[in-house]
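Asks: Quick one: the structure is below, questions incoming.
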Amino acid sequence: MGNFQLDSTWGTSAVFSPDRKSFVFEDEGTIQVWNVNTGEPDGESMEGHTIENNRLSSSPDGQYLASGLSDRTIMIWDINKRRAKAEPFRKHAKGVEALEFSPNRNNIVPNSGDGSILVWSVPTGEVLRKIQCKGGVNPAKYSSNGLFILAGGQWWMRTWDVADDTTAPKVCPAADSSRQHHGMAASDYGMCSPLNSSKS
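As structure tokens, this is what we get:
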């Protein structure tokens, strides 16, 4: 692995590509892809942010990058073309804190800390579904087959059927009233379990 000479001592987010051959680093609103082996920038930087990002997420195939901003917007980037794929997504009431692509990369689920889960269409930029939760929500996760979304917070966890918004969410029995769940996983059958938790 190479040594990386950055222009700044401060960066807000970084994420590896799925093949681990490169990583993306954000610094003061500029997004740059770096080659892991050479330690050099790989291609042109991606410009367009006027403020620093909060979070970055790579699609499973490495073609797209999502950036979540403290100004409550989301941008989808085409990594190969080094430019934004579309206009920013704007529907969140608070700054975006985390992002999760669906396994087929067609949808993205951000966590904005506003108590809601929005399922966005990456191709169209439309909100496909809004799930309103009580209290804060930890980052949502997709099951590996993309059929379920899992989310939780202080003293609760639920799974939702992605395709059927009329089905009530499953309550996870592991989420008792004495623990705060920091990490979660969803099975392909909609079951869920805490990866780690702590007593409240």
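For the sequence shown, UniProt numbering assigns the number 1 to the initial residue and increments by one for each residue that follows.
By construction, the Cβ of each residue, glycine as well, lies at the ideal position given by its N, Cα and C atoms.
Computed from a predicted structure; not experimentally measured.
May I ask which residues mark the beginning and end of the beta strand (DSSP E) holding residue 204?
Replies: Residue coverage of the chain in this structure runs from 1 to 200, which leaves residue 204 outside it and unanswerable.
Asks: Buried or exposed: leucine 128, going by 16 or more other Cβ atoms within 10 Å of its Cβ?
Replies: As a working mapping, residue 128 is identified with position 128 in the sequence shown. Exposed, because fewer than 16 other Cβ atoms sit within 10 Å of the Cβ of leucine 128.
Asks: Out of curiosity, what's the CA-to-CA distance linking leucine 147 and glutamine 63?
Replies: Along the sequence shown, one-based indexing puts residue 147 at 147. Along the sequence shown, one-based indexing puts residue 63 at 63. Near 21 angstroms, if we compare the C-alpha coordinates of glutamine 63 and leucine 147.
Asks: Nearest by alpha-carbon distance to isoleucine 108: which of Asp114, Val96, Ser121, Asn37 is it?
Replies: Working through the sequence shown from its first residue, we reach residue 108 at position 108. Of Asp114, Val96, Ser121, Asn37, the residue nearest in Cα terms is Ser121.
Asks: For proline 103 and isoleucine 74, I'd like the C-alpha separation in whole angstroms.
Replies: On the sequence shown, residue 103 is found 103 positions in, with the first residue counted as 1. On the sequence shown, residue 74 is found 74 positions in, with the first residue counted as 1. Computed Cα separation, rounded: 19 angstroms.
Asks: For glycine 68, count the other beta carbons within 10 Å of its own beta carbon; 16 or more makes it buried, fewer makes it exposed. Which is it?
Replies: Position 68 of the sequence shown, counted from the first residue, corresponds to residue 68. With 16 or more Cβ atoms within 10 Å of its Cβ, glycine 68 is classed as buried.
Asks: Alpha carbon to alpha carbon, what distance is there between threonine 166 and glycine 29?
Replies: Taking the first residue of the sequence shown as position 1, residue 29 is located at position 29. Taking the first residue of the sequence shown as position 1, residue 166 is located at position 166. Rounded to whole angstroms, glycine 29 to threonine 166 spans 40 angstroms at the Cα level.
Asks: Straight-line CA distance for methionine 46 to lysine 141?
Replies: For the purposes of this step, residue 46 is taken as residue 46 along the sequence shown, with counting starting at 1. For the purposes of this step, residue 141 is taken as residue 141 along the sequence shown, with counting starting at 1. For methionine 46 and lysine 141, the distance between alpha carbons rounds to 27 angstroms.
Asks: Since I believe isoleucine 79 is in contact with alanine 86 (beta carbons under 8 angstroms), could you give me their beta-carbon distance rounded to a whole number of angstroms?
Replies: For the purposes of this step, residue 86 is identified with residue 86 of the sequence shown, where counting begins at 1. For the purposes of this step, residue 79 is identified with residue 79 of the sequence shown, where counting begins at 1. That pair is no contact at about 14 angstroms.
Asks: Which residue from Thr38, Gly43, Cys133, Ile149 puts its Cα closest to that of aspartate 164?
Replies: In the sequence shown, residue 164 corresponds to position 164, counting from 1. For aspartate 164, the nearest C-alpha among the options comes from Ile149.
Asks: Are aspartate 61 and arginine 20 closer than 9 angstroms when you measure CB to CB?
Replies: Here the question's residue 61 lines up with position 61 in the sequence shown. Here the question's residue 20 lines up with position 20 in the sequence shown. Not closer than 9 angstroms, so no.
Asks: Which runs of the beta strand (DSSP E) at least 3 residues long sit entirely within the stretch 138-173? Give them in chain order.
Replies: The stretch 138-173 contains these whole beta strand (DSSP E) runs: 148-153, 156-161.
Asks: In three-state DSSP terms, what is threonine 30?
Replies: By 1-based counting over the sequence shown, the position of residue 30 is 30. Three-state DSSP puts threonine 30 in a strand.
Asks: Am I right that asparagine 111 and glutamate 126 are in contact with their C-beta atoms under 8 angstroms? What's the rounded C-beta distance?
Replies: Residue 111 sits at position 111 when you count from the first residue of the sequence shown. Residue 126 sits at position 126 when you count from the first residue of the sequence shown. So it is not a contact: roughly 19 angstroms between Cβ atoms.
Asks: Of all the options Phe101, Ser144, Arg83, which has the alpha carbon lying nearest to the alpha carbon of glutamine 32?
Replies: The residue given as residue 32 occupies position 32 in the sequence shown. Per the Cα distances, Arg83.
Asks: Where do the N-terminal and C-terminal ends of the beta strand (DSSP E) with serine 102 fall, by residue?
Replies: Translated into positions along the sequence shown, residue 102 becomes position 102. Here serine 102 belongs to no beta strand (DSSP E), and DSSP marks it neither H nor E.
Asks: Identify, in the order they occur along the chain, each residue of the same chain with its Cβ nearer than 8 angstroms to the Cβ of tryptophan 34, setting aside the five sequence neighbours on each side.
Replies: Numbered from its first residue, the sequence shown carries residue 34 at position 34. For tryptophan 34, where only same-chain residues beyond five positions count, the Cβ hits under 8 angstroms are Phe4, Ser22, Phe23, Val24, Phe25, Glu40, Pro41, Asp42.
Asks: Expressed to the nearest angstrom, what Euclidean distance is found between the alpha-carbon atoms of proline 161 and aspartate 114?
Replies: In the sequence shown, counting from the first residue as 1, residue 161 sits at position 161. In the sequence shown, counting from the first residue as 1, residue 114 sits at position 114. In the sequence on display, residue 161 carries aspartate and not proline. For aspartate 161 and aspartate 114, the distance between alpha carbons rounds to 21 angstroms.
Asks: Return the first residue and the last residue of the beta strand (DSSP E) that lysine 130 is part of.
Replies: Locating residue 130 in the sequence shown gives position 130, counting from the first residue. Lysine 130 -> beta strand (DSSP E) spans 127-132.
Asks: Per DSSP, alanine 66 is paired with what?
Replies: Stepping through the sequence shown from its first residue, residue 66 is reached at position 66. Note: alanine 66 sits in a beta bridge opposite Ser57, Ile76.
Asks: Quick check on the burial criterion: 16 or more other C-beta atoms within 10 angstroms. Buried or exposed for asparagine 37?
Replies: Translated into positions along the sequence shown, residue 37 becomes position 37. By the 10 Å Cβ count, asparagine 37 comes out exposed.
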